[in-house]
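One structure is given below, encoded as structure tokens.
There are 2 protein chains.
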Amino acid sequence: MRPARISRTQVLDATLDLAAEAGLAAVTMRAVAARLEVTPMALYRHVGDKQGLLDGLVERLMAEIAVPAEAKDTDWRAVLRTMADNVRVIARRYPDLFMLLFQRRAVTEGAQGPRQTVYRALRSAGVPEEELSSLERLLSTLVYGFAASEAGGRFAGLNIEAEFEYGAARIEQLVEAAARGDSAG
Amino acid sequence: MRPARISRTQVLDATLDLAAEAGLAAVTMRAVAARLEVTPMALYRHVGDKQGLLDGLVERLMAEIAVPAEAKDTDWRAVLRTMADNVRVIARRYPDLFMLLFQRRAVTEGAQGPRQTVYRALRSAGVPEEELSSLERLLSTLVYGFAASEAGGRFAGLNIEAEFEYGAARIEQLVEAAARGDSAG
DNA sequence: ACCTGAACACCGTTCAAGT
DNA sequence: ACCTGAACACCGTTCAAGT
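Given below as structure tokens:
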């Protein structure tokens with residue numbers, strides 16, 4: 510053996526840069542390799558294959574979403590809004606890469622961080638324990654759908670911030686209703 | 510000139526079949542051409558290029574969503590549920606193709622049909638006119654996000670019907686609140 | 001007008017070889 | 001252990017040619 514010229518981390522970093530600059534279509538084993546000044550085949554030892562590279566990217570995206578640390582003890586409305594904004598920023602930076610998050614199991618390890626943060630926010634709002642996971646899923650699904658729509662261009666021509674405000678207000682309405690126990694049926 | 514061997518309609522039909530059977534990755538100009546027993550280059554006259562082919566596909570998907578005719582005068586809850594189910598069926602049939610709908614402007618011609626149907630449903634529920642478009646957008650965004658999550662595998666391991674039920678109930682709650690005018694301030 | 005055939009510049013990936 | 005180089009079976013698309 511001899512010192513490694515590149516690492517998995519470097520490969521993912523380079524790919525993320527490439528994706529942000531030129532989109533997912535430009536993410537090719539050969540282009541990533543060129544960016545690292547290495548042969549395409551050199552990547553295979555570090556990421557397995559193209560699919561492995563893509564998996565590594567969404568893993569990274571998840572991790573980026575997972576850092577709302579700042580908004581920790583503030584009120585639940587601010588926490589939820591901050592997390593939603595976080596997701597939107599990522600979606601705008603990697604518009605087509607973002608779509609791959611829909612192919613990632615929501616229950617996975619990497620998604621634990623943000624989910625627990627949302628749970629805490631919902632608990633502090635008074636949402637009953639047994640409704641936490643369903644409500645969290647509803648919220649994240651809406652946020653993902655919104656971010657994908659915004660980044661993908663589905664919302665082109667609309668006042669996106671106004672739409673976001675409307676959605677955020679409706680979500681808060683649902684959380685408050687859940688806290689009152691209106692979801693019982 | 511001489512009689513056309515293939516038409517745009519046939520090309521899209523063949524591609525949709527191919528996509529349903531083998532996924533978007535298998536949708537290649539060459540594979541579509543082979544299915545029609547024609548040279549790859551023969552497609553270009555009918556769909557422009559690969560992007561044109563893809564555009565034609567999402568156009569078709571939109572059209573498939575647009576046919577909830579049956580549930581016309583029944584109650585608004587049934588109409589909304591039927592439309593959501595419609596979208597979910599399409600997403601399951603074309604899991605990766607479905608993601609392309611996020612890149613399609615929501616305000617486009619092809620989306621008019623389903624949107625007007627939702628408007629009617631919301632009106633009959635008592636939702637004020639000025640809130641129609643925002644609420645419809647919130648609903649469709651959630652449904653798209655849900656369908657993409659289900660089809661993409663994000664919801665793997667969950668009781669998806671139960672999740673859908675939960676979401677549907679929350680949506681109805683929002684519609685009822687809007688009808689009462691709770692969204693004002 | 002519509003289709004074919006050969007060609008070009010790309011892909012991901014294998015395999016044997018170098019250090 | 002890590003990287004290279006040549007090769008293979010694919011892509012989308014151009015261009016000139018056939019009917």
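Chain order of the listed sequences is A and B. Residue numbering for the first sequence follows the working numbering, beginning at 510 and increasing consecutively. Residue numbering for the second sequence follows the working numbering, beginning at 510 and increasing consecutively. Idealized CB from N, CA, C, for every residue including glycine.
In the three-state reduction of the DSSP assignment, Y553(B) falls in the helix class. Leaving aside the five residues that flank E568(A) on each side, the residues in its chain whose CB is nearer than 7 Å to its CB run, in chain order, G619.
Following the DSSP letters along the chain, one finds D691(A) in no alpha helix (DSSP H), marked with neither H nor E.
Our two residues, P637(A) and I669(B), have alpha carbons roughly 21 Å apart in a direct line. Shown here, E618(B) sits in a helix according to DSSP, grouped into three states. Minimum Cα-Cα distance from L525(B) among the listed residues R514(B), P512(B), R511(B), A542(B) corresponds to A542(B). Under the 8 Å Cβ criterion, the region 644-660 of chain B counts as touching the region 672-683 of chain A, having at least three qualifying pairs.
Taking 8 Å as the upper bound for CB-CB distance, F611(A) and Y653(A) are in contact here, some 7 Å apart. Sequence-distant Cβ neighbours of L651(A) in its own chain, meaning closer than 8 Å and more than five residues away, are G676, I680.
Shown here, G666(A) sits in coil according to DSSP, grouped into three states, outside any helix or strand. Closer than 8 Å to the CB of R597(B) there is not a single CB belonging to chain A. Between A671(B) and A600(B), the C-beta spacing is not below 8 Å. CA-to-CA, the gap between G561(B) and V684(B) works out to about 38 Å.
P512(A) sits exposed, since fewer than 16 C-beta atoms from the chains shown fall within 10 Å of its C-beta. Contact residues of the region 618-652 of chain B toward chain A are S643, R646, L647, T650, L651 (C-beta to C-beta distance below 7 Å).
The beta carbon of F655(A) sits closer than 8 Å to some beta carbon of chain B. In chain order, E640, A686 place their CB closer than 8 Å to the CB of S692(B), counting only its own chain and leaving out the 5 sequence neighbours on each side. For E672(A), the chain B residues whose C-beta falls within less than 9 Å of its own C-beta are S643, R646, L647, T650, listed in chain order.
For G676(A), the chain B residues whose C-beta falls within less than 7 Å of its own C-beta are L647, listed in chain order. Taking C-beta atoms under 8 Å as the contact rule, G557(B) and L521(B) fail to qualify, at a distance of about 12 Å. At a cut-off of 8 Å between C-beta atoms, M592(A) does not count as an interface residue with respect to chain B. In the three-state DSSP reduction, A513(B) falls in the coil class, being neither helix nor strand. Distance from the CA atom of A665(B) to the CA atom of E674(A), rounded to whole angstroms, is 30 Å.
The three-state reading of DSSP puts Y603(A) in coil, since its state is none of H, G, I, E or B.
Within the model, the alpha-carbon separation for R544(B) versus A529(B) is close to 14 Å. Taking a beta-carbon distance threshold of 8 Å, A523(A) does not count as an interface residue toward chain B.
Counting of Cβ neighbours within 10 angstroms places M608(B) among the buried residues, the total reaching 16 or more. Counting the other Cβ atoms within 10 Å of the Cβ of A534(A) gives fewer than 16, which makes it exposed. When 9 Å is used as the limit between beta carbons, A529(A) is near no residue of chain B, the shortest such separation being about 18 Å. In the displayed model, P637(B) falls within coil according to three-state DSSP, outside both helix and strand.
Residues V652 of the same chain have their beta carbon placed closer than 6 Å to that of A593(A), with the five preceding and five following residues left out of the count. Around the beta carbon of E546(A), a 10 Å sphere encloses fewer than 16 other beta carbons of the protein chains shown; the residue is thus reported as exposed. DSSP, read as helix, strand or coil, puts D526(B) in helix.
Nearest CB-CB separation between L545(B) and chain A: not below the 8 Å threshold.
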